[in-house]
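Numbering (our numbering), first residue to last: 47 to 167.
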């Protein structure tokens, strides 16, 4: 079960994961996104999304939501913690959709587990 790191590295770990997902998208679907988007996403996640990510992947969130069944996709949108410029954060989930780049990390305990994204749609 992935939860926030005790030494505060959650944002960095998720940025590495999202960068690898972006590299995979660039390899499997060349030319589908503007490479500048990756730098913008890193800055946005580090600045705007940092607190929301730490809260979304906290041990408290994991404990609260792992005990419950996932919500239906329509109900999961009520849990959006941050939605700004293509960055969506819900408990256990971070999704980025910007300039043709779509990447996501979702913990298995996320209440949005059944949603196609983090549940904002």
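Each residue gets a CB set at the ideal place from its N, CA and C atoms; glycine is no exception.
Span of the beta strand (DSSP E) around residue i
i: residue 152; result: 147-152
i: residue 133; result: 133-136
i: residue 130; result: 128-130
Residue i, buried or exposed, once every other Cβ within 10 Å from all chains shown has been counted against 16
i: residue 176; result: The structure shown does not extend to residue 176, since the chain spans only 47 to 167, so no value can be given for it.
i: residue 163; result: buried
i: residue 62; result: exposed
i: residue 76; result: exposed
Alpha carbon of residue i to alpha carbon of residue j, nearest angstrom
i: residue 145; j: residue 120; result: 25 Å
i: residue 65; j: residue 155; result: 22 Å
i: residue 126; j: residue 70; result: 27 Å
i: residue 80; j: residue 133; result: 16 Å
i: residue 107; j: residue 137; result: 6 Å
Limits of the unbroken alpha helix (DSSP H) element including residue i
i: residue 140; result: Not the alpha helix (DSSP H): residue 140 falls in the beta strand (DSSP E), residues 139-144.
i: residue 114; result: Careful: residue 114 lies outside any alpha helix (DSSP H) and carries neither H nor E.
Own chain partners of residue i with C-beta closer than 8 Å, once the 5 adjacent residues on each side are dropped
i: residue 160; result: 116, 117, 118, 119, 122
i: residue 92; result: 57, 61
Cutoff 7 Å; reference residue i; Cβ partners in own chain excluding five residues on either side
i: residue 56; result: 50, 99, 100, 103
i: residue 68; result: 84, 147, 149
> Which parts of the segment 50-86 are runs of the alpha helix (DSSP H), unbroken and 4 residues or longer, counting only runs that do not cross its ends?
Replying inline: 56-74, all fully within the segment 50-86.
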